[in-house]
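Working notes, beginning with the structure itself.
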Amino acid sequence: DQQVKQNSPSLSVQEGRISILNCDYTNSMFDYFLWYKKYPAEGPTFLISISSIKDKNEDGRFTVFLNKSAKHLSLHIVPSQPGDSAVYFCAAGQGNLIFGKGTKLSVKP
Amino acid sequence: NAGVTQTPKFQVLKTGQSMTLQCAQDMNHEYMSWYRQDPGMGLRLIHYSVGAGITDQGEVPNGYNVSRSTTEDFPLRLLSAAPSQTSVYFCASSFHSGTGNGYTFGSGTRLTVV
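As they're listed, the protein sequences go chains A and B.
Residue numbering for the first sequence follows the working numbering, beginning at 1 and increasing consecutively.
Residue numbering for the second sequence follows the working numbering, beginning at 1 and increasing consecutively.
Structure, rendered in structure tokens:
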């Protein structure tokens with residue numbers, strides 16, 4: 001049974017617009033939530049995280065929102081750029097990280 | 001700093017062969033782990049270690065062995081390769097497992113078992 005779910009396998013967005021990637025989780029004991037970005041033939045790279053005691057964290061163009069009551073996490077990228085095209089993994093845990101299946105983001109010029 | 005180094009980058013094995021995937025980090029991280037990535041399955045944890053001499057199983061440990069004799073190295077051994085072990089393998093490390101700063105991943109080993 002998946003504890004971390006990314007229900008959208010892919011997302012296509014126009015350059016300059018907002019990209020919103022979503023993630024749902026089932027375990028209320030998770031205390032850290034993270035987003036990773038992965039380009040083909042490379043390892044995942046850490047993007048941004050949020051702890052369970054917060055509901056928002058920003059880093060430049062990237063903002064992560066956490067809704068604990070809904071067990072929902074989202075990543076907003078504003079403005080989206082073609083270089084943001086990659087697979088984005090949501091991860092959560094209180095020790096080892098559990099990853100979602102990923103969402104492939106395509107940003108079109 | 002090299003970060004997390006995985007070797008080899010590519011490997012083809014015949015069913016029943018054994019091999020070791022190497023992983024080394026130079027960041028003095030206590031925590032290391034192995035994940036496999038399969039199409040449509042995301043990243044699944046195979047084994048992990050919270051320090052030298054300590055290892056434990058993850059979600060999909062069957063068919064794999066690990067050891068952690070030094071802080072730097074965390075090799076993954078395939079005992080008798082099967083086609084179901086065809087995958088991309090990633091090694092990751094961090095200062096400790098419960099970190100909000102994320103793991104540092106290696107660039108992966110693409111393994112094909114025929």
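For every residue, glycine included, the Cβ atom is placed at its ideal position computed from N, Cα and C.
Sheet register partners of residue i (DSSP bridge)
i, result
"S49 of chain A", "A:L34"
"I77 of chain A", "A:S19, A:F62"
"T20 of chain B", "B:R77"
"Q25 of chain B", "B:V4"
Per-residue DSSP class, three states only, for residue i
i, result
"G83 of chain A", "helix"
"K56 of chain A", "strand"
"M32 of chain B", "strand"
"L97 of chain A", "coil"
"S69 of chain B", "coil"
"K9 of chain B", "coil"
"A70 of chain A", "coil"
"G43 of chain A", "coil"
"V114 of chain B", "coil"
"D1 of chain A", "coil"
"A52 of chain B", "coil"
"V60 of chain B", "coil"
"Q6 of chain A", "coil"
"K108 of chain A", "strand"
"T15 of chain B", "coil"
Straight-line Cα distance separating residue j from residue i
i, j, result
"N62 of chain B", "L78 of chain B", "10 Å"
"E58 of chain A", "L66 of chain A", "12 Å"
"G43 of chain A", "G108 of chain B", "6 Å"
"A82 of chain B", "S19 of chain A", "40 Å"
"D1 of chain A", "I53 of chain A", "26 Å"
"Q6 of chain B", "D73 of chain B", "10 Å"
"S8 of chain A", "K104 of chain A", "8 Å"
"L73 of chain A", "D31 of chain A", "12 Å"
"D26 of chain B", "R44 of chain B", "24 Å"
"I98 of chain A", "T55 of chain B", "18 Å"
"Y64 of chain B", "L76 of chain B", "7 Å"
"L13 of chain B", "T112 of chain B", "6 Å"
"G83 of chain A", "S93 of chain B", "26 Å"
"G60 of chain A", "L47 of chain A", "11 Å"
"R36 of chain B", "R110 of chain B", "10 Å"
"S106 of chain A", "S12 of chain A", "5 Å"
Residue closest to residue i, alpha-carbon to alpha-carbon, out of the options
i, options, result
"V50 of chain B", "B:P8, B:V66, B:L43, B:S87", "B:V66"
"I50 of chain A", "A:Q94, A:S106, A:Q2", "A:Q94"
"Q22 of chain B", "B:T15, B:S94, B:Y89", "B:Y89"
"P79 of chain A", "A:C90, A:I98, A:P109", "A:P109"
"N28 of chain B", "B:G16, B:T104, B:I46", "B:T104"
"Q3 of chain A", "A:Y36, A:F46, A:A92, A:R17", "A:A92"
"R17 of chain A", "A:G102, A:Y88, A:S28, A:F62", "A:F62"
"E30 of chain B", "B:R68, B:E59, B:P8", "B:R68"
"D24 of chain A", "A:A86, A:H76, A:S85, A:A70", "A:A70"
Which runs of the alpha helix (DSSP H) fall wholly inside the segment 73-108 of chain B and span at least 4 residues, in chain order?
-> none
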